[in-house]
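Here the structure comes first, spelled out in structure tokens, and everything after it is commentary.
Below is the structure:
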């Protein structure tokens, strides 16, 4: 009945700080279609990691989800009791993180850490579990899985560690994999391999939510993209559509910046101004101070996320317009 | 890794010998013939001279030191001036009580310390946290004899629940163990709390939660395993400290242990006994430090392989 | 607001300027009320010790055998001891001894330990080895025993007690100072100073020492209670301060025989020691949090 593996509706996450409540994510809505890779792209602090963590229920205290719904394969999971969430984590949905260096427990052998996931959710004997782990290690492209099984995390390179993380996340064949900046800490060559691996996993049936600040990564593997700015989704579309016909001024700015970089011209197009402090968001549209299309109405009300074409939503009063020169 | 251990062991032996020599010299610097003290004022000078020669006290200090070392290797640590028995025998008899006290105190310190530390970290900044940390601070700040006397007064005298002196049954060790161990419990609690708080912020804790581990599982199987490394080092040092430094506790609770023997030796100006007891304590401390250093290398796989 | 002095003339940038001190102190005042309260308590104690003769109507050794061992009352706020002497008076005079015995040796051992530690860290090589071996030897003794042995050698008068406590504490200070020196030595401005020919002594005094100061201040506040506790333990065993001086520890020693009949003899000085030690600990903790995150590992 539902084509979406993951649906996030109007998610709000806030953090109490010395200076008041900060809304790290406000009114975030996006979907991950079944069997596809969806991406969230945005600058640091735009709320993409927070959104991803909310799905898994892993927001660090004192932050908390204040509103919204999250549906995994049609089932509401945000308001489940913690025990249920623990059951889902690792088995139906799993997550890999940005820093493979620090994401593995330094005093436990790598094989055991991967085994932990499967032992938590399935009734397997010790030998059967070990066999599964070795198969998984091989499946993610780790040569000589026997040797690596007994290795300590500090003995592996960054790329290998990230593969181990992926093995750990995929060993119970979850429906959804969330990858938070999985290649940011890796070399470019290793990055390409990891992205290839993720494409393969997706073809094997897993839906993927990929978080990145790197448009290149998004362009390479994602089927759908959501762009976030200052805690809100500002545009959401299929990848091709987004790159060919971006509608939101911010997205357009990003695309212009990237293409001006590639053209080797003398002028690097940047978006003027800086990312706003979430404590001091402007009235109305958050992007208004930096927007070349900014009109009076933009400074008074926050635009809603509207579907201007099937499958393409934008949060702007003047989507697709060109700036007066 | 064996090489480092052997090297450390060698250094420890050197320090021990240096300490023994220092001790030897310090105890003999003060003027006055110990024989006179031993024999009292009424002995005549001829007897004093004879005894002095017999005991080898007229020889140069270094010679005396070497003779002492030779004797020590054979298990002969001299004879106590005041108690007239071989030092080794006196210490052997007293050792049992000291060990019992140290073991009880350590158990108390570690069990309460670790529990309080873990609970305080898990419920950071809540009332239990502040309460436990308050107790810890109190433990670290109260001199042992104050704790000991308060315990004696409240539990021994007012409530009459527990014996306040002696070493007959295991119950007599309860109050002394608490008095001696409270200080260590405080230190352990504070260390456990701070390391655990640090560990809980690490990324691999997120990974563990992402796998579906319950909070308790995360705590026991991931957080504690990492947090305990420095704690175990502290535990090794504490045990050696409790074994070697129970002087006050033994005195207040009238337990016949090595600590009490030390006090008796000092007030009785009994040089061989002092040497024996102090050297015992120093050896324990040195061994404790050695164990602590080596333990860390063994337990942390990052250091072990040197990778 | 921070001013770093850089430039070829001074050649070196060093980070000692006023805002470095006022910022942490303000931090302390706002966040750590307990530390501030402790500092006030300590000041009051010191004041009380200095003003002892003024604060009490009784003489220090004034005996009143008719009223011996009387419990706290309006006439004698803390009761009287076995000689009929007013305990509060004895405590006030005793605080002089106890506080001095806490503060003076700590200062001395701080100076000694810092000097030796910096020397060891800065010079390295044989100097380092010798000093560190000496420190290791001192640290191999449990502090009570070390104090006992030194006192046996030196005797029991007041200077001996001071010297004992100084010797017991310097090794740890030296160790920590050496570690700090080693760490700071690696800084580029020290290299620069040596290149332009600044003498070693000057480097140590003007560059390394000021940066060690926060650590040293915290160490001081933590060593004072340690010294007080060591002294009171010694006196408790009868080995420390001898009459006619009476420290709080000695008062407890004497009062011990009356623990069950007249507990106030022990509890008053015991509580005083506790308050003093706690105050220094809170202050030390607060200062450490405010001034030097490096020491947090302790």
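Chains as they are written, first to last, in my numbering: chain C, 903 to 1227; chain U, 460 to 766; chain V, 377 to 674. Ideal placement from N, C-alpha and C gives every residue a C-beta, glycine not left out. Being a predicted model, the structure only gives us computed values, none of them experimental.
### Distance between beta carbons of residue 603(U) and residue 409(U), contact taken as under 8 Å
An answer regarding residue 409(U) cannot be provided, because it is not within the stretch 460 to 766 covered by chain U.
#### Entry: Below-8 Å beta-carbon distance, residue 548(U) vs any chain C residue
Mapped onto the second chain, residue 548(U) falls at position 89. So no, residue 548(U) is outside the interface.
### Task
Grab me the residues of residue 593(V)'s own chain with a C-beta within less than 8 Å of its C-beta, minus the 5 sequence neighbours each way, in chain order.
The count along the third chain starts at 1 and reaches residue 593(V) at position 217. So the qualifying residues of the chain are 663 and 667.
### Below-8 Å beta-carbon distance, residue 488(U) vs any chain V residue
Within the second chain, numbered from 1, the residue matching residue 488(U) stands at position 29. At a cut-off of 8 Å between beta-carbon atoms, residue 488(U) makes contact with chain V.
### Query
By the criterion of Cβ-Cβ separation under 8 Å, what are the contact partners of residue 685(U) in chain C?
Stepping through the second chain from its first residue, residue 685(U) is reached at position 226. 1007, 1008 and 1009, listed in chain order.
### Query
From this set, 1204(C), 1207(C) and 1193(C), which residue's C-alpha is nearest residue 1223(C)'s C-alpha?
Residue mapping note: residue 1223(C) aligns to position 321 of the first chain, counting from 1. Looking only at 1204(C), 1207(C) and 1193(C), the smallest Cα-Cα distance to residue 1223(C) is reached by 1193(C).
### Query
Hey, does residue 996(C) have any beta-carbon neighbour from chain U nearer than 8 Å?
Taking the first residue of the first chain as position 1, residue 996(C) is located at position 94. With 8 Å as the cut-off, residue 996(C) counts as an interface residue toward chain U.
### Query
Going by beta carbon distance, what residues of the same chain come within less than 6 Å of residue 408(V), once the five residues before and after it are set aside?
On the third chain, position 32 is the one that residue 408(V) refers to. Exclusion of the five residues before and after residue 408(V) leaves 662 as the residues of its chain whose Cβ lies within less than 6 Å of its Cβ.
### Message
Between 595(V), 629(V), 559(V) and 600(V), which has its C-alpha nearest residue 583(V)'s C-alpha?
### Response
Counted from its first residue, the third chain places residue 583(V) at position 207. Sorting 595(V), 629(V), 559(V) and 600(V) by C-alpha distance to the C-alpha of residue 583(V) places 559(V) at the top.
### Query
Quick one, which residues of the stretch 510 to 529 of chain V are near chain U if we go by CB-CB under 7 Å, in chain order?
Those would be 512, 513, 516, 517, 518, 520, 521, 524, 525, 528 and 529, in chain order.
### Task
Would you decide whether residue 734(U) is buried or exposed? Buried here means 16 or more other CB atoms lie within 10 Å of its CB.
Numbered from its first residue, the second chain carries residue 734(U) at position 275. Burial is judged here by how many other beta carbons sit within 10 angstroms of a residue's own beta carbon; residue 734(U) has at least 16 and is buried.
### Query
Going by beta carbon distance, what residues of the same chain come within less than 7 Å of residue 645(V), once the five residues before and after it are set aside?
Indexing the third chain from 1 puts residue 645(V) at position 269. The answer, listed in chain order, is 467, 470, 624, 627 and 628.
### Query
Between residue 609(V) and chain U, is there a C-beta pair that is closer than 8 Å?
Indexing the third chain from 1 puts residue 609(V) at position 233. Residue contact with chain U for residue 609(V): present (Cβ-Cβ distance below 8 Å to some residue of chain U).
### Message
Using a Cβ-Cβ distance cut-off of 8 Å, determine whether residue 689(U) contacts chain C.
### Response
The residue given as residue 689(U) occupies position 230 in the second chain. For residue 689(U), no CB of chain C lies under 8 Å from its own CB, so it is not counted at the interface with that chain.
### Query
What are the boundary residues of the alpha helix (DSSP H) that includes residue 1017(C)?
For the purposes of this step, residue 1017(C) is identified with residue 115 of the first chain, where counting begins at 1. Looking at the DSSP string, the run of the alpha helix (DSSP H) that includes residue 1017(C) is 1012 to 1023.
### Task
Give the range of the alpha helix (DSSP H) segment to which residue 528(V) is assigned.
Along the third chain, read from residue 1 onward, the residue named residue 528(V) stands at position 152. Segment 519 to 530, the alpha helix (DSSP H) holding residue 528(V).
### Message
Looking at residue 1031(C): is its Cβ nearer than 8 Å to the Cβ of residue 1021(C)?
### Response
Walking along the first chain from the start, residue 1031(C) turns up at place 129. Walking along the first chain from the start, residue 1021(C) turns up at place 119. Contact: yes.
### Task
Compare the C-beta of residue 616(U) against all C-beta atoms of chain C and say whether one is closer than 8 Å.
As a first step, residue 616(U) must be located in the second chain, where it is residue number 157. Not closer than 8 Å to any Cβ of chain C, the Cβ of residue 616(U) fails to qualify, so no.
### Task
With a threshold of 16 other CB atoms inside 10 Å of the CB of residue 569(U), please say whether the residue is buried or exposed.
Within the second chain, residue 569(U) is the residue found at index 110, counting from 1. With 16 or more Cβ atoms within 10 Å of its Cβ, residue 569(U) is classed as buried.
### Task
Sort out for me which residues DSSP pairs residue 1081(C) with in a bridge.
Residue mapping note: residue 1081(C) aligns to position 179 of the first chain, counting from 1. Looking at the DSSP output, residue 1081(C) shares a beta bridge with 998(C) and 1112(C).
### Closest by C-alpha distance to residue 723(U), when choosing among 550(U), 531(U) and 667(U)
By 1-based counting over the second chain, the position of residue 723(U) is 264. The candidate whose alpha carbon is nearest that of residue 723(U) is 550(U).
### Query
Mind listing which residues of the stretch 656 to 674 of chain U have their C-beta closer than 9 Å to chain C's C-betas, in chain order?
So the close ones are 660, 661, 662, 663, 664, 665, 666, 667, 668, 669, 670, 671, 672, 673 and 674.
### Query
Taking Cβ positions only, does residue 657(V) come closer than 8 Å to chain U?
If you number the third chain from 1, residue 657(V) lands on position 281. So yes, residue 657(V) belongs to the interface.
### Where the beta strand (DSSP E) containing residue 1187(C) begins and where it ends
Here residue 1187(C) corresponds to residue number 285 of the first chain, with the count starting at 1. For residue 1187(C), there is no enclosing beta strand (DSSP E), as DSSP marks it with neither H nor E.
### Query
Taking contact to mean at least 3 C-beta pairs separated by less than 8 Å, is the stretch 953 to 971 of chain C in contact with the stretch 1147 to 1156 of chain C?
Too few Cβ pairs lie closer than 8 Å, so no.
### Task
For chain C, find out if any of its Cβ atoms is closer than 8 Å to the Cβ of residue 759(U); answer yes or no.
In the second chain, the residue the question calls residue 759(U) occupies position 300. Proximity of residue 759(U) to chain C, defined by a Cβ-Cβ separation below 8 Å, is satisfied.
### Task
Assign residue 452(V) to buried or exposed, taking buried as 16 or more other Cβ atoms, counted over all protein chains shown, within 10 Å of its Cβ.
For the purposes of this step, residue 452(V) is taken as the residue at position 76 of the third chain. Residue 452(V) is buried by the Cβ-count criterion.
### Query
Going by beta carbon distance, what residues of the same chain come within less than 6 Å of residue 418(V), once the five residues before and after it are set aside?
In the third chain, counting from the first residue as 1, residue 418(V) sits at position 42. So the list reads 655, once near-sequence residues are dropped.
### Query
At what residues does the alpha helix (DSSP H) containing residue 419(V) begin and finish?
By one-based count along the third chain, residue 419(V) stands at place 43. Under the DSSP assignment, residue 419(V) falls in the alpha helix (DSSP H) whose first and last residues are 409 to 426.
### Query
Is residue 969(C) helix, strand or coil when you go by DSSP?
Within the first chain, residue 969(C) is the residue found at index 67, counting from 1. Looking at residue 969(C) - three-state DSSP - the assignment turns out to be strand.
### Reduced DSSP secondary structure (H/G/I, E/B, other) of residue 975(C)
The residue given as residue 975(C) occupies position 73 in the first chain. DSSP places residue 975(C) in coil when its eight states are reduced to three.
### Query
Expressed to the nearest angstrom, what Euclidean distance is found between the alpha-carbon atoms of residue 1008(C) and residue 1056(C)?
Residue numbering aside, residue 1008(C) sits at position 106 when the first chain is read from its first letter. Residue numbering aside, residue 1056(C) sits at position 154 when the first chain is read from its first letter. Answer to the nearest angstrom: the Cα atoms are 7 Å apart.
### Message
Pop quiz: residue 1233(C) and residue 916(C) are said to be a contact at Cβ under 8 Å. What is the actual Cβ separation, rounded to whole angstroms?
### Response
As shown, chain C starts at 903 and ends at 1227. That puts residue 1233(C) outside it, with no answer to give.
### Span of the alpha helix (DSSP H), counted from its first residue to its last, around residue 685(U)
Within the second chain, numbered from 1, the residue matching residue 685(U) stands at position 226. Start and end: 683 to 703.
### Message
With a threshold of 7 Å on Cβ separation, who are the neighbours of residue 486(U) within its own chain once the five nearest residues in sequence on each side are excluded?
### Response
Stepping through the second chain from its first residue, residue 486(U) is reached at position 27. So the list reads 730, 733 and 734, once near-sequence residues are dropped.
### Query
Are the stretch 489 to 509 of chain V and the stretch 584 to 591 of chain V touching by the rule of at least three beta carbon pairs closer than 8 Å?
Segments in contact, yes.
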